[in-house]
Amino acid sequence: MRGTVLLLEDDVDVRDAVAGVLEDAGFCVTTAANGREGLQALAQNTSPCLIVLDLWMPILSGREFLAELRAEPEKSSLPVVLMTASDSAPPSGIVECLRKPFGISLLVKTVEKHCLKADRAA
1 MRGTVLLLED DVDVRDAVAG VLEDAGFCVT TAANGREGLQ ALAQNTSPCL
51 IVLDLWMPIL SGREFLAELR AEPEKSSLPV VLMTASDSAP PSGIVECLRK
101 PFGISLLVKT VEKHCLKADR AA
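Each residue of the sequence shown is one higher than the one before, starting from 1 at the first, in the UniProt record's numbering.
Right under this line is the structure:
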């Protein structure tokens with residue numbers, strides 16, 4: 001395995017497709033349908049090399065998730081890649097923004113790049 005990625009995406013088809021691509025690339029993927037589920041996954045000792053975050057989700061949005069993540073000292077430095085169809089400026093505190101629709105190769109290269117950086121920093 002090449003590391004664990006926490007994927008937060010409310011659209012089940014997109015979530016399954018992105019998770020499948022990353023698993024095929026050798027990553028272990030933990031998924032969540034909203035920010036609350038993502039925080040619960042992190043509380044259960046999930047230590048991802050990267051969080052891939054959708055911006056618009058019900059219950060707890062990507063922006064709200066990011067704010068809560070950054071408020072937790074032991075998790076605040078986890079790298080976050082945003083995936084969004086929005087043209088608005090991405091929130092601060094992310095390492096990269098993937099605009100939907102994006103290609104499979106770009107997704108894998110982005111995750112590889114940031115997981116490699118996280119491994120080197122550890």
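Positions of the beta carbon are idealized from the N, C-alpha and C atoms, including for glycine.
Quick caveat: nothing in here was measured; it's all calculated off a predicted structure.
### Where Asn34 falls, given that 16 or more other Cβ within 10 Å makes a residue buried
buried
### Length of the line joining the Cα atoms of Val81 and Val14
15 Å
#### Entry: Rounded C-alpha distance that separates Glu9 from Cys49
17 Å
### Message
Can you find the residues in the same chain that come closer than 6 Å, C-beta to C-beta, to Cys97, ignoring five residues on each side of it along the sequence?
### Response
Leu82 and Pro90
### Message
Suppose contacts are defined by Cβ-Cβ distances below 9 Å. Is Val29 in contact with Leu53 by that definition?
### Response
no
### Message
Can you list, in chain order, the residues of its chain with a C-beta nearer than 7 Å to that of Val95? Leave out the 5 residues immediately preceding and following it.
### Response
Pro79, Val80, Val81 and His114
### Task
Closer than 8 Å by C-beta to Thr4: which residues in its own chain qualify, once you throw out the five before and the five after it? Chain order, please.
Phe27, Cys28, Val29, Thr30, Thr46, Ser47, Pro48 and Cys49
### Query
First and last residue of the beta strand (DSSP E) that includes Asp54?
Leu50 to Asp54
### Task
Go through its chain and collect everything with a Cβ distance to Arg63's Cβ below 6 Å, but skip five positions before and after it.
Pro91
### Query
Per DSSP, Met83 is paired with what?
Asp54 and Leu98
### Message
Strictly by DSSP, which residues pair up with Cys115?
### Response
In the DSSP output, where bridge partners are listed per residue, Cys115 has none listed.
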